[in-house]
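S.K.:
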């Protein structure tokens, strides 16, 4: 038995060595391509992420002069470890969509010392501005503000809100929560019936909503920080025969503009969906091409254009154009 | 009945393995009764499509614990036979759910009508899940790899495989009859997942009663060598438990995708493997294998959901929720740990002995 295990171990090791050698060879002859290490969240996380990932893959190709390596994880520590690997590997650019905002200082410093340009995309991190050349991000604060302004424009006498949050600490959660929290704090007729995290999960959102329904507390707004969670909440409402959407008793708000979610809006079953623009690759491409010519970006932070959709004004054209 | 026999009787109940999950459940029930008796209210109403349904916290708990209870069955067997846990069940659920949708949708992620019967899709996903279970089982039983390491492979790769099965698209099934399995059949006021869970429990109860599966599993878990000497093939038994786990995963995955008629590969059944292992631990089962109590594990699953729903009800703030859960779990698991229970038993014996001694004087 021991012998067998030993042989297996040796086999495994030799296989790893062969693969490692192959990888090293591959990186040696890049033929003048710009080497980018891209650290992203798991593309299966959501429709948003899938669109984001395929957009990056569309732009960072060999035809466009890039040799791109990808690493995916939803966990900050794994992403930091991957960043360290990319730095050791000596990539030219490190593109980063951080899973969490904290803990990036030292690894970004390492990148800078190694002469690697860091470009943040989609999500910002808590690190000194000097540690990266640019960030191409969604303004999640603005997304939250746009949504809350829209909600305020509905002129309800009283706002009793079920607030379903994303993964705590992610910038999307912080931005989308912030505007609502501020509004609730400043207005007596704005109340949070519950404020819970469903961690982007439809089923947990359904359970949270179900718990409020079972308690009998009145509510008239569901503010879910992504489409999946809004869908979970709506499932609980349907079960309890509570009407929602345009002319319904409960206002449904979601984020990310998945195609199916915009169709819900078009059908009048939801009221609002806030856009989170996943197409950052072209902007990043522009920044890199400029840097190669020695031109630094004019400002560190580049915000993508984003809007919110209202069920009463959305058209089929919007669904086709903005749905992801 | 004298006081001492009564004491003996309560003592024997307390010593029983199933006592811990029952006690935990009772504590939660009493806590909710005191805090807000309306927790136990069940109402009868109509859903938005006009069919009668029962609702209330208890129904929610029973409904949402279904997948976990089914997984607890498989996890108990795997734990008992191999002395380790399968941490790939969450990822495997993503795969089985993805297979169901793939079969029903064909190449079009938004089909007007389903491309195959629901039964076919379910059976195919059972087959695929059992194959993945067999993969885990082979690594554990025949290659002697630690279960947690062996299943780590699928844990890491599973969700990507699930996404790949559907070409990373987001299938949505619009036919309402598919959703019946995860919600309600029209006219039946009890959520379907509850029936599915009960059916699974009945089947496993019958299997344990009329086959030697339970006996063999325990024999292999306690001592594979002596089991072998007694004519049991320990490798085959371990292998079979992983295949059964695969079957449980397929059923749980089927419920998960029918709840919303769609799937989200990265968050569906997230962290459910930890809850399933926790259910086994709460049931007082030894996590290093050997004797097991299936009913206690299943009850453990309901305790976990009861706790989750209770925390939602009391609107514990998002940031503090995991901390509350952790505290409760630590207390329960420590109390149900065999070593601690033995110590407590000894201590109790000492106290009774000294008291008896005093009485004798």
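Protein chains in written order, with my numbering: chain A, 6 to 329; chain B, 47 to 407. Note that CB positions come from ideal geometry on N, CA and C, so glycine has one too. Computed from a predicted structure; not experimentally measured.
(1) Strictly below 8 Å CB to CB, what residues from chain B border residue 156(A)?
(2) Check whether the Cβ of residue 213(A) lies closer than 8 Å to any Cβ atom in chain B.
(3) Do residue 320(B) and residue 179(B) have their CB atoms nearer than 8 Å?
(4) Going by alpha carbons, who is nearest to residue 106(A) out of 119(A), 99(A), 84(A) and 326(A)?
(5) Going by C-alpha distance, which of 154(A), 141(A) and 74(A) is nearest residue 96(A)?
(6) Compute the distance between the beta-carbons of residue 148(A) and residue 311(A), then report whether it is under 8 Å.
(7) Closer than 6 Å by C-beta to residue 27(A): which residues in its own chain qualify, once you throw out the five before and the five after it? Chain order, please.
(8) Only counting runs of 4 or more residues, tell me where the alpha helix (DSSP H) segments fall wholly within the segment 114 to 156 of chain A, in order along the chain.
(9) So that I know if they touch, is there some Cβ in chain A lying closer than 8 Å to that of residue 274(B)?
(10) Taking the runs of the beta strand (DSSP E) that are 3 residues or longer, which of them lie wholly in the segment 143 to 220 of chain A?
(11) Could you pull out every residue in the same chain whose Cβ sits closer than 7 Å to the Cβ of residue 341(B), ignoring the five residues on either side in sequence?
(12) Say whether the segment 189 to 208 of chain B touches the segment 320 to 339 of chain B, bearing in mind that this needs 3 or more beta-carbon pairs closer than 8 Å, one atom from each stretch.
(13) For the 8 Å Cβ check, are there 3 or more pairs between the segment 355 to 364 of chain B and the segment 215 to 226 of chain A?
(14) Could you tell me the alpha carbon to alpha carbon distance between residue 199(B) and residue 193(B), rounded to whole angstroms?
(15) Which of the residues in the segment 375 to 387 of chain B, read from start to end, lie with their CB under 8 Å from any CB of chain A?
(16) Which first and last residues belong to the beta strand (DSSP E) in which residue 60(A) is found?
(17) Could you compute how far the alpha carbon of residue 256(A) sits from the alpha carbon of residue 168(A)?
(18) Which parts of the segment 193 to 269 of chain B are runs of the alpha helix (DSSP H), unbroken and 4 residues or longer, counting only runs that do not cross its ends?
(19) Starting from residue 357(B), trace the alpha helix (DSSP H) in both directions and tell me its first and last residue.
(20) Give me the Cα-Cα distance between residue 226(A) and residue 184(A), rounded to the nearest whole angstrom.
(21) Going along the chain, which residues of the segment 283 to 297 of chain B sit with their C-beta nearer than 8 Å to a C-beta in chain A?
(22) Taking the alpha carbon of residue 71(A) as the reference point, which residue from 62(A), 79(A) and 78(A) has its own alpha carbon closest?
(23) Helix, strand or coil for residue 80(A)? Go by DSSP, reduced to three states.
(24) Is the beta carbon of residue 126(B) within less than 7 Å of some heavy atom of the ligand FAD?
(25) From which residue to which residue does the beta strand (DSSP E) around residue 258(A) run?
(26) Please identify the residue among 365(B), 216(B), 212(B) and 242(B) whose C-alpha is closest to the C-alpha of residue 145(B).
(27) Taking Cβ-Cβ distances shorter than 9 Å, what residues in chain A pair up with residue 306(B)?
(28) Going by C-alpha distance, which of 266(B), 302(B), 328(B) and 104(B) is nearest residue 316(B)?
(29) Please state if the CB of residue 183(B) and the CB of residue 285(B) are separated by a distance shorter than 8 Å.
(30) Residue 114(B) and residue 325(B) - do their beta-carbons sit closer together than 8 Å?
(31) Residues in the segment 42 to 69 of chain A with C-beta within 9 Å of chain B's C-beta atoms, listed in sequence order?
(32) Suppose contacts are defined by Cβ-Cβ distances below 8 Å. Is residue 170(A) in contact with residue 182(A) by that definition?
(33) From the DSSP output, read off the bridge partner residues of residue 99(A).
(34) Going along the chain, which residues of its own chain have a beta-carbon closer than 6 Å to the beta-carbon of residue 120(B), five neighbours each way excluded?
(35) Counting only Cβ-Cβ distances shorter than 7 Å, please list the residues of the segment 90 to 102 of chain B near chain A, keeping chain order.
(36) Would you kindly report the start and end of the unbroken alpha helix (DSSP H) that includes residue 168(B)?
M.R.: Let's see:
(1) Counting from 1 along the first chain, the entry for residue 156(A) is found at position 151. Going along chain B, no residue has its Cβ under 8 Å from residue 156(A), so there is no contact; the nearest lies around 20 Å.
(2) In the first chain, residue 213(A) corresponds to position 208, counting from 1. Yes, residue 213(A) lies at the interface with chain B (some Cβ there is under 8 Å from its Cβ).
(3) One-based indexing of the second chain puts residue 320(B) at position 274. One-based indexing of the second chain puts residue 179(B) at position 133. Cβ distance not < 8 Å, so residue 320(B) and residue 179(B) don't count as in contact.
(4) In the first chain, residue 106(A) corresponds to position 101, counting from 1. Checked all of 119(A), 99(A), 84(A) and 326(A); the closest Cα to residue 106(A) is 84(A).
(5) Position 91 of the first chain, counting from 1, holds the residue named residue 96(A). Minimum Cα distance to residue 96(A) is reached at 74(A).
(6) For this step, residue 148(A) is matched to residue 143 along the first chain. For this step, residue 311(A) is matched to residue 306 along the first chain. For residue 148(A) and residue 311(A), yes; Cβs fall inside 8 Å.
(7) Within the first chain, numbered from 1, the residue matching residue 27(A) stands at position 22. Confidence at residue 27(A) is low in this model, with a pLDDT of 43, below 50, so the placement of that residue should be treated as unreliable; the coordinate-derived value is given next. Cβ neighbours of residue 27(A) beyond the five flanking positions: none.
(8) none
(9) On the second chain, residue 274(B) is found 228 positions in, with the first residue counted as 1. Not one chain A Cβ lies under 8 Å of residue 274(B).
(10) 164 to 170 and 195 to 202
(11) Residue numbering aside, residue 341(B) sits at position 295 when the second chain is read from its first letter. Answer for residue 341(B): 64, listed in chain order.
(12) no
(13) yes
(14) Taking the second chain and counting its residues from 1, the one referred to as residue 199(B) is at position 153. Taking the second chain and counting its residues from 1, the one referred to as residue 193(B) is at position 147. Roughly 10 Å between the two C-alpha positions.
(15) none
(16) The residue labelled residue 60(A) in the question sits at position 55 within the first chain. Element bounds for residue 60(A): not the beta strand (DSSP E) but the alpha helix (DSSP H), 52 to 64.
(17) Position 251 of the first chain, counting from 1, holds the residue named residue 256(A). Position 163 of the first chain, counting from 1, holds the residue named residue 168(A). Cα to Cα, the separation comes out at about 12 Å.
(18) 193 to 211, 222 to 225, 238 to 256 and 259 to 268
(19) Stepping through the second chain from its first residue, residue 357(B) is reached at position 311. Per DSSP, residue 357(B) belongs to the alpha helix (DSSP H) from 340 to 359.
(20) Position 221 of the first chain, counted from the start, is the residue given in the question as residue 226(A). Position 179 of the first chain, counted from the start, is the residue given in the question as residue 184(A). Cα-Cα distance, rounded: 15 Å.
(21) none
(22) Locating residue 71(A) in the first chain gives position 66, counting from the first residue. If we check each option's Cα against that of residue 71(A), 62(A) comes out closest.
(23) Here residue 80(A) refers to the residue found at position 75 when the first chain is read from its first residue. Looking at residue 80(A) - three-state DSSP - the assignment turns out to be coil, as it is neither helix nor strand.
(24) This structure lacks the ligand FAD; in fact it carries no ligand of any kind.
(25) Reading the first chain from its first residue, position 253 is the one you call residue 258(A). Segment 256 to 260, the beta strand (DSSP E) holding residue 258(A).
(26) Position 99 of the second chain holds residue 145(B). Residue 212(B) is the option with its Cα nearest to residue 145(B).
(27) Position 260 of the second chain, counting from 1, holds the residue named residue 306(B). Here the neighbours are 207, 208, 211, 233, 236, 237 and 240.
(28) Counted from its first residue, the second chain places residue 316(B) at position 270. Of the candidates 266(B), 302(B), 328(B) and 104(B), the one whose C-alpha sits nearest the C-alpha of residue 316(B) is 302(B).
(29) Counting from one through the second chain, the residue named residue 285(B) turns up at place 239. Counting from one through the second chain, the residue named residue 183(B) turns up at place 137. Cβ distance < 8 Å, so residue 285(B) and residue 183(B) count as in contact.
(30) In the second chain, counting from the first residue as 1, residue 325(B) sits at position 279. In the second chain, counting from the first residue as 1, residue 114(B) sits at position 68. Yes, the pair counts as a contact, with Cβ atoms nearer than the cut-off.
(31) 46, 47, 48, 49, 50, 51, 52, 54, 55, 58 and 59
(32) Taking the first residue of the first chain as position 1, residue 170(A) is located at position 165. Taking the first residue of the first chain as position 1, residue 182(A) is located at position 177. Yes.
(33) For the purposes of this step, residue 99(A) is taken as residue 94 along the first chain, with counting starting at 1. DSSP lists 42(A) and 123(A) as partners of residue 99(A).
(34) Counted from its first residue, the second chain places residue 120(B) at position 74. 290, 291 and 294.
(35) 91, 92, 93, 94, 99, 101 and 102
(36) On the second chain, residue 168(B) is found 122 positions in, with the first residue counted as 1. Taken as a continuous stretch (DSSP letters only), the alpha helix (DSSP H) holding residue 168(B) covers 164 to 187.
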